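Its first residue numbered 1, the sequence shown is counted upward by one per residue in UniProt numbering.
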Amino acid sequence: MSVLPQNRFLSLLSVSADPSCCQHAAEPSPCKEACDQLTTIKSESRLKHLLQSLPGYCPESMNELWTCINSTLPGVSRKSDGWVGLGCCELAISPECRRECRQASSKNDITKICKKVTENSLYSCITKNEMGSSCCSFAGRHTTCREYCEAIFRTDSTPTESQIKAFKGYCQIHSHKLVECVNNFTESYPARSPIDSLYCCERAEATHCQDACRRILHTLHTEHEIIEGLISECGSQPLPQDPMWQCFLGSAHPLPPPEEEPPHPAKMDYAKLHCCSKANTSLCRDMCKEISTHWGSQTWQDFDQLCEYSPVETELIACLADVREPCQLGCKDLTYCTNFNNRPTELFRSCNVQSDQGAMNDMKLWSNGTIRMPFMNIPVLDIRKCLPDMWKAVACSLQIKPCHSKSRGSVICKSDCVDILTKCGDRKRFHEGQTPERICELLSPIDDPERCIPLHRYLMPSSLGDSIVEEVIHPCNPNPCSSNNICRVNRKGCADLSSCEPYVCEPGCKLGEASEFLVQQGARIQVPTHAGSPGCYEVCVCGPSGRLENCVEMPCVDTDKACIVGGQRKNHGSSFQTDCNTCSCFSGETICSTRTCLGSSFSSDGHIAGLPCSCPDHFIPVCASNGRTYPSGCVARCMGFKDHQYVFGQCHLSNPCSTNTCPRNQRCVLKRRVCLSSLSDCQQYECVGRPGACDKNVFEPVCDTDGQVHSSVCHLQQAGKTLAYQGQCQEACRKPQQVCGHNGETYDTVCHAFSDRVAVDYKGPCNAVGHVSGMAPDSACSLVSCPAVSTPGCHPITPPGACCPICASMLQIIWNQKQMNTFSKLNKNQFVTVRDVLQILRLYVSVPQCDVFGYLSINNQLVVLIAPVDHHPTPLQVEACSKEAEKIDALINYASPTLVSHVPLSAFLSSEIRTSSIHSKSSVPSPPLLLALLVAAAPGSFLLALLSALSLERFC
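Below you can see the structure in the form of structure tokens.
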């Protein structure tokens, strides 16, 4: 029994197979167990894996079982999957007919509205689909034969002679009824004209081949002449994997001509479509677009065989893996792959019960002596006797899928692959030319332990005990929310403490009807246009309906425009180093960090400054028009500000409301922000009227200047109070105790800094600026008294412009100013701020023991800190924050749609990471009081305990 085609696979995603089918399998048996799983799995990748391996559990001889599964999977009679004529509905002339057709479950449902006299194209299409459905059913369980058949009926024009010949050659031995049925259809059509295939010429890689192809189709007539002419002019043989020949021969189903109407949005998967531009070959790029925009017209097995394991398509496959199964921190509660448990600081794609069961099933299947892959079979000895622990580690690794930040792939290391196949491969049954080395070159070409899975790590249990892992918890893993909700860490607490959970479930929207990837309600999302043209996007909002709404097209970006740097060509989207700076190429424009490099950093007084433009490290602060305080006018001018665009003094020490009067019946309220968009000056206040009724369901606690907490800003304004800071009121912040933030601003208390999402550098007002280039040992910071590093043995980092080291992980992000301005225009000229970016990035940190802080550095990079929130974080917590930072860094640098689909994060170009590490675990103190609260408290109160101590001592 072969693997089921994708249209059936998608039906299963929607409705699942009929559980009654499984009664045809003997009980108990491996087939019965696998069949029962088939009826419950909802994950695309898990379902796909089980469908591929199901024939190994349930042989072809089980006719009743397979007939039942084949009859229930397509879901033809179910509205959720549509009917045989659904793809024809767009051909209807009348809008009423189109609407009726989309809602129908059979042709009989549309006859009253859709008249055959006026809707010829619609009924002709339905008739053709009905014939195809009827004919191709004779293929039975022979999937490849079925696909040859479906290709004939799927093509928009008459099938080619090559298609018909290939179909007959393959299917003749399987079913005479099938061939006879198809003959009746093909013979009723006139001979096809060569120019019907003109659109195939566009698939040729070389321009001269495209021109020759068009000329040949216009001048030659017989198929033999055309093929010979193309071979001669294009210099290539008719190979199925070549996009042009694939289109002509129809061996992998030709794509529709470019002139065809775009697919209906209901079949879009924008998340996957984001990935298609990462394909290195036109074949995989086209197939990716096909499976992302037109479900059912391209089988997922074809994509698997040609692209999923291709060594040149690692970026594409990693991107699709992010969409299907994003990397998550932590793994526990597995009953079969137990060596993967108690790993709270490792990243996995699929640590769940289904994967655990899948690994056990794989081991049973492999025990039969063959490992079946989409493109090869690997004969092995009895794995129950030959390295069984290694094989179990392989099965569990391929199912649980440990993540690696550098490659994000889930393949075992090549040396392990060669070793296990050398010892346990059945050489007598190897095909000619097969060797362990050649097999592993295809399956596991990487041997860098930072880019592949070293099996020895999972041959033994985790070194952590059950209790210590409570230092790092994962409220959203496994996901406790429903399928249309997103799970987020609860960092706000709850109005009702008796029912407070460490997570919140927020309503979300799918990125297209065929997508499983969700974004939160209210988010602004960048998605590719329907046509999927490279560089063309639109920005939509996730609306209350659970769908993307109010989409506005963005100006297309020329992705073919490269940068020329030092005489070398750099492609759009690539990152590279020039001297000591990191650069990215964006549509022909080179955007770089602005560090001062060694050898050019001496200031006028002769010492190393390490500041932009070799400015002296004097602290004479100025407030620029973007709302950012710079240490001097020299640095502000170096960042492009004119003399009239900054004033002396720190931004936070000014009162914009003293000079800006608001309209009558409104009052001026301070709103400090640093703007990343530059369409206008960054306004530091807003005018607000007295609010009406506040939403009682909203809980966004804020503290007023009198030390009273309010449920939201609305409630605070309704009470006529003045905002002090976001969050619960803290006893430690009742009295002013000035601190200096990493952004060079002086705050009244640590709570005010934290409310601004800024971590504290040192106590007291700001009076010095640190270097940004990592080479200024004699900076003015030598006069600053720094607090002790929070965790003994920690190797800390010092953020750019700061004076004091901190035990945290840091991302330095290069971003695109023009893109930020575009997003601002599309959002009614609303400012894009640093806080906006940080609030979105907080959603990607999955453990409450870590949080996100950040600022715009004095050399215009976005600095993001992922820091432990405890007073004395343990090594495990420091490591967890480092892993969270590595995860986000990888998502930025690989432009993963799971992150860059969010506006304004899609303006990120590249990221550099620095992480803290622990030198010696022996010097680490025992878990402090906060951790005792975390372990002992009931779920309803643990988060409040966390928030009450949140970073106040840590950053003081």
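Yeah, the Cβ is synthetic: ideal placement off N, Cα and C, and Gly gets one too.
Every value quoted in this text rests on a predicted model; they were computed, and no experiment measured them.
- Residues of the same chain with a CB within less than 7 Å of the CB of CYS542, apart from the 5 flanking positions on each side, are GLY508, CYS509, VAL519, GLN520, GLN521, GLY522, ALA523, ILE525 and LEU548 in chain order.
- Excluding sequence positions up to five before and after PHE641, its CB lies within less than 6 Å of the CB of ALA624, all in the same chain and listed in chain order.
- For the stretch 869-905, the full-length alpha helix (DSSP H) segments reaching 4 residues or more read 875-893 and 897-900 along the chain.
- Beyond the five residues adjoining it in sequence on each side, CYS452 comes within less than 8 Å, by CB distance, of HIS404, SER407, GLY409, VAL411, ILE412, CYS413, LYS414, SER444 and ILE446 in the same chain, given in chain order.
- VAL864 is the residue among SER282, HIS431 and VAL864 whose C-alpha sits nearest the C-alpha of SER809.
- Assignment of ARG215 by DSSP, reduced to helix, strand and coil, places it in the helix class.
- Annotation for LEU334: PHE340, ASN341 and ASP356 place their beta carbon closer than 6 Å to its own, counting only its chain and skipping 5 residues before and after.
- Contact between TYR685 and PRO656 holds, with the beta-carbon distance rounding to 5 Å and staying under 8 Å.
- Excluding sequence positions up to five before and after PHE908, its CB lies within less than 6 Å of the CB of ILE813, TRP815 and ILE892, all in the same chain and listed in chain order.
- Where GLY689 is concerned, the enclosing beta strand (DSSP E) starts and stops at 685-689.
- With respect to the 8 Å criterion, PRO534 and TYR503 are not classified as neighbours on the basis of their beta carbons.
- Here MET460 is exposed: its Cβ has fewer than 16 other Cβ atoms, across all protein chains shown, within 10 Å.
- The beta carbons of VAL739 and VAL760 sit closer together than 8 Å.
- If you keep only unbroken alpha helix (DSSP H) runs of at least 4 residues inside the stretch 315-373, you get 353-366.
- The straight-line gap separating the alpha-carbon atoms of GLY707 and ARG734 is approximately 7 Å.
- Annotation: ARG628 is outside any alpha helix (DSSP H) and is labelled neither H nor E by DSSP.
- Residue pairing of CYS794 in beta bridges, as defined by DSSP: ILE918.
- With a 10 Å radius around the Cβ and a threshold of 16 neighbouring Cβ atoms, PRO528 comes out buried.
- Restricting attention to THR746, HIS742, ASP704 and GLN737, the CA atom closest to the CA of GLN726 is found in ASP704.
- In terms of Cβ geometry, SER593 and ASN821 do not form a close pair [threshold 8 Å].
- In this structure, the beta-carbon distance from CYS850 to ILE866 falls below 8 Å.
- Non-local C-beta neighbours of PRO449 in its own chain, meaning closer than 7 Å and more than five positions away in sequence, comprise CYS413, ordered along the chain.
- Short of 6 Å from the beta carbon of GLU233, and not among the five residues preceding or following it, lie these beta carbons of its own chain, in chain order: ALA212.
- Collapsing the DSSP output to three states places ARG285 in a helix.
- Straight-line spacing of the CA atoms in LEU811 and SER857 works out to 11 Å.
- Annotation: the stretch 91-148 contains the following complete segments of the alpha helix (DSSP H) (minimum length 4 residues), in chain order: 95-103 and 120-136.
- For ALA166 and ILE473, the gap between their C-alpha atoms comes out near 57 Å.
- By alpha-carbon distance to CYS597, the top candidate from SER587, GLY610 and CYS284 is GLY610.
- For ALA271, the CB contacts under 6 Å within the same chain, skipping 5 residues up- and downstream, are VAL323, LEU511, SER515, PHE517 and PRO897 in chain order.
- Around the beta carbon of THR629, a 10 Å sphere encloses 16 or more other beta carbons of the protein chains shown; the residue is thus reported as buried.
- The stretch 423-441 makes contact with the stretch 376-390, as at least three CB pairs between them are under 8 Å.
- For the pair PRO765 and ALA636, the Cα-to-Cα distance works out to about 21 Å.
- Taking C-beta atoms as the reference points, THR590 and VAL565 count as a pair closer than 8 Å.
- At the C-beta level, CYS505 and CYS487 come within 8 Å of one another.
- Contact between the stretch 711-719 and the stretch 742-757 is absent: fewer than 3 CB-CB pairs across the two stretches fall below 8 Å.
- Under the 8 Å Cβ criterion, the stretch 96-110 does not count as touching the stretch 135-154, having fewer than three qualifying pairs.
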